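In the numbering used here, the protein residues as written are 1166 to 1559.
Have a look at the structure below before the remarks.
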Amino acid sequence: MSSTSSSATRDEEHPAFTFHRGGKLEVSPAVPVRGSSDLALAYTPGVAEVCSAIAERPELVHEYTWKSRTVAVVTDGTAVLGLGDIGPEAALPVMEGKALLFKKFAGVDAVPICLACTDVSEIVETVVRLAPAFGGINLEDIAAPRCFEIERRLRDLLDIPVFHDDQHGTAIVVLAALTNALELTGRKPIDTKVVISGAGAAGVAVANILLASGYEDIVVTDRGGALHVDRSDLNPVKRALAESTNPRGRTGRLVDVLRGADVFIGVSGGQVPEEAVASMADDPILFALANPTPEVPPEVAARYAAVVATGRSDYPNQINNVLAFPGVFHGALSVRARRISEGMKLAAAAALAEIVGSDLAPERVIPSPFDPRVVPAVSSAVADTARREGLTPR
């Protein structure tokens, strides 16, 4: 047996293969078909009555089809988990998992759409053509910086919510956890020095939602060090971020700008030396969110930090997007919101933070994804904000 086939056999002994065999999703009927009379209603001739009504009044599609409770989960397979550009077929198990979580936590049906193209215009055109069948579009695992333009163009072209979860789901949960971590440590956003490692999808969105929440002293770093306005190697997205952050014009590497920082948010991978962690302010807050290996090992972080969060489920304070996207879409779909606004994201984060309540502790700054209060609270906050902002049908 060759080493390759031996490795494949060995890998397929992992319990994940048993769990995934045959896929994780199926389509089930929502109405009974018990005989010819039901068949005549479900399909021809009865269905023609509904089709004609929708043709006359297109808004009825929300009432008489699955559109009002169904999301397309769209990827091109270029930034899958920590695996990178592995292609649309290899991304399918992740998209199935995402759809599973939509249904499990919020009762929202979701369909994985894995596209065999990476051109921005082709992706946008394809999603626009698919959109009539869906009530919302969840973009997933699309590499930066293309993901920013794809989302922007789709938001401009469609009248249904478009949400890039790698950006905004992460940002919502980070803001919620950080809100509670600041309360624990007696800090206020305006006085808090934040360093974000990573200027990709998550890093950009986290920085923007923190700016919208009153944080002012934010430094974002990439492989070239701190983003600042004098750097000549920045793409347009990073250039805009450099102009809205780093008010003190700090330069240098991540380890340089970490000195004296109150908060570290890692969304890039790589490792932060222990001496850099030790150089931060007293009782810092460390969110090391890279998976499966956090930027700061939790055991090291615990020596210095007042609050530690990771992206992992085997440590306290898991920053998990499943705390956000099911409730966000449930709320948006429930009121037929035309889009998901910044105000809706802020409301979702505030609702998440409030759930912790009197249980607030260093090991509990964010609720568990299995807390039954999460989806109703986030959904209600999102729906109420959409109504207040005039993003629902009159």
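C-beta: ideal position from N, C-alpha, C; glycine also.
Just so we're clear, the structure is a prediction, and the values are computed from it rather than from any experiment.
Worksheet entry | Cβ-Cβ separation, residue 1539 to residue 1517 (assumed contact under 8 Å), whole Å | Counting from one through the sequence shown, the residue named residue 1517 turns up at place 352. Counting from one through the sequence shown, the residue named residue 1539 turns up at place 374. That belief holds up - the Cβ atoms of residue 1517 and residue 1539 are roughly 7 Å apart, short of 8 Å.
Discussion item. Between 1397, 1506, 1355 and 1520, which has its C-alpha nearest residue 1165's C-alpha?
Written reply: Residue numbering for the chain in the displayed model covers 1166 to 1559; residue 1165 lies beyond these limits and cannot be assessed.
Worksheet item: Can you name the residues that DSSP bridges to residue 1329?
Response: Here the question's residue 1329 lines up with position 164 in the sequence shown. Bridge partners of residue 1329: 1304.
Worksheet item: Can you give the Cα-Cα distance for residue 1429 and residue 1192, rounded to whole angstroms?
Response: Your numbering for residue 1429 matches position 264 in the sequence shown. Your numbering for residue 1192 matches position 27 in the sequence shown. Going by the C-alpha atoms only, they are around 43 Å apart.
Practice prompt. May I have a chain-ordered list of the alpha helix (DSSP H) segments no shorter than 4 residues that lie completely inside the stretch 1358 to 1384?
Written response: 1366 to 1377
Discussion item. Do residue 1491 and residue 1469 have their beta-carbon atoms positioned less than 8 Å apart in this structure?
Written reply: Numbered from its first residue, the sequence shown carries residue 1469 at position 304. Numbered from its first residue, the sequence shown carries residue 1491 at position 326. In this structure, residue 1491 does not lie closer than 8 Å to residue 1469 by Cβ.
Worksheet item: Exposed or buried, what is residue 1182 when buried is set at 16 or more other beta-carbons lying within 10 Å of its beta-carbon?
Response: Residue 1182 sits at position 17 when you count from the first residue of the sequence shown. By the 10 Å Cβ count, residue 1182 comes out exposed.
Worksheet item: CA-CA distance, residue 1372 and residue 1298?
Response: The residue given as residue 1372 occupies position 207 in the sequence shown. The residue given as residue 1298 occupies position 133 in the sequence shown. So the two alpha carbons sit approximately 33 Å from each other.
Item to complete: Output yes or no for whether 8 Å exceeds the beta carbon distance between residue 1314 and residue 1239.
Response: As a working note, residue 1314 is residue 149 in the sequence shown. As a working note, residue 1239 is residue 74 in the sequence shown. The answer is no: Cβ separation not under 8 Å.
Fill in: 8 Å Cβ cutoff met for residue 1482 and residue 1336
Taking the sequence shown and counting its residues from 1, the one referred to as residue 1482 is at position 317. Taking the sequence shown and counting its residues from 1, the one referred to as residue 1336 is at position 171. Against a cut-off of 8 Å, the Cβ pair of residue 1336 and residue 1482 comes out as no contact.
Worksheet item: How would you call residue 1484, buried or exposed, if buried means at least 16 neighbouring beta carbons within 10 angstroms?
Response: Residue mapping note: residue 1484 aligns to position 319 of the sequence shown, counting from 1. With 16 or more other Cβ atoms within 10 Å, it is buried.
Fill in: Continuous beta strand (DSSP E) stretch holding residue 1451: start and end
Here the question's residue 1451 lines up with position 286 in the sequence shown. 1450 to 1453 is the extent of the beta strand (DSSP E) around residue 1451.
Practice prompt. Starting from residue 1240, follow the beta strand (DSSP E) in both directions and report where the run begins and ends.
Written response: As a working mapping, residue 1240 is identified with position 75 in the sequence shown. Element bounds for residue 1240: 1235 to 1240.
Discussion item. Run through the DSSP bridge pairs and tell me what residue 1526 is partnered with.
Written reply: Along the sequence shown, read from residue 1 onward, the residue named residue 1526 stands at position 361. DSSP, once it has assigned bridges, lists 1529 as partnering residue 1526.
Worksheet item: Where residue 1219 and residue 1521 are concerned, what is the direct C-alpha to C-alpha distance, given to the nearest angstrom?
Response: One-based indexing of the sequence shown puts residue 1219 at position 54. One-based indexing of the sequence shown puts residue 1521 at position 356. Cα-Cα distance, rounded: 44 Å.
Discussion item. Using 8 Å as the threshold, is the C-beta distance between residue 1446 and residue 1427 below it?
Written reply: Position 281 of the sequence shown holds residue 1446. Position 262 of the sequence shown holds residue 1427. Closer than 8 Å, so yes.
Worksheet item: Quick one: what does DSSP say residue 1282 is sitting in, helix, strand or coil?
Response: Locating residue 1282 in the sequence shown gives position 117, counting from the first residue. Three-state result, residue 1282: coil.
Worksheet item: Is DSSP giving residue 1247 helix, strand or coil here?
Response: The count along the sequence shown starts at 1 and reaches residue 1247 at position 82. Coil at residue 1247, not helix or strand.
Worksheet item: Hey, how far is the Cα of residue 1458 from the Cα of residue 1404?
Response: Locating residue 1458 in the sequence shown gives position 293, where the first residue counts as 1. Locating residue 1404 in the sequence shown gives position 239, where the first residue counts as 1. Computed Cα separation, rounded: 29 Å.
Item to complete: Could you tell me if residue 1466 is buried or exposed, where buried requires 16 or more neighbouring beta carbons within 10 angstroms of its beta carbon?
Response: Here residue 1466 refers to the residue found at position 301 of the sequence shown. Residue 1466 should be labelled buried.
Worksheet item: Is the closest heavy atom of the ligand SAM to the C-beta of residue 1472 under 7 Å?
Response: Summarising the ligand content, the structure contains no ligands, and the ligand SAM is consequently not present.
Worksheet entry | Close Cβ partners of residue 1245 (< 8 Å) along its chain, the five nearest in sequence each way excluded | On the sequence shown, residue 1245 is found 80 positions in, with the first residue counted as 1. Same-chain partners within the cutoff: 1251, 1255, 1256, 1259 and 1306.
Worksheet item: Who pairs with residue 1391 in a beta bridge, going by DSSP?
Response: Counting from 1 along the sequence shown, the entry for residue 1391 is found at position 226. DSSP, once it has assigned bridges, lists 1386 as partnering residue 1391.
Worksheet item: Taking C-beta to C-beta, are residue 1265 and residue 1278 nearer than 8 Å?
Response: Here residue 1265 refers to the residue found at position 100 of the sequence shown. Here residue 1278 refers to the residue found at position 113 of the sequence shown. Against a cut-off of 8 Å, the Cβ pair of residue 1278 and residue 1265 comes out as no contact.
Worksheet item: What number of angstroms, rounded off, separates the C-alpha of residue 1370 from the C-alpha of residue 1333?
Response: Counting from one through the sequence shown, the residue named residue 1370 turns up at place 205. Counting from one through the sequence shown, the residue named residue 1333 turns up at place 168. So the alpha carbons of these two residues sit roughly 6 Å apart.
Fill in: Contained alpha helix (DSSP H) runs [length at least 4] in the stretch 1421 to 1474, N- to C-terminal order
1439 to 1443 and 1463 to 1469
Worksheet item: Taking Cβ positions, are residue 1271 and residue 1494 nearer each other than 8 Å?
Response: On the sequence shown, position 106 is the one that residue 1271 refers to. On the sequence shown, position 329 is the one that residue 1494 refers to. Yes.
Practice prompt. May I ask you to report which of helix, strand or coil DSSP gives residue 1274?
Written response: Within the sequence shown, residue 1274 is the residue found at index 109, counting from 1. Strand, per DSSP.
Worksheet item: Does the pairing of the stretch 1315 to 1333 with the stretch 1280 to 1293 give three or more beta-carbon distances under 8 Å?
Response: yes
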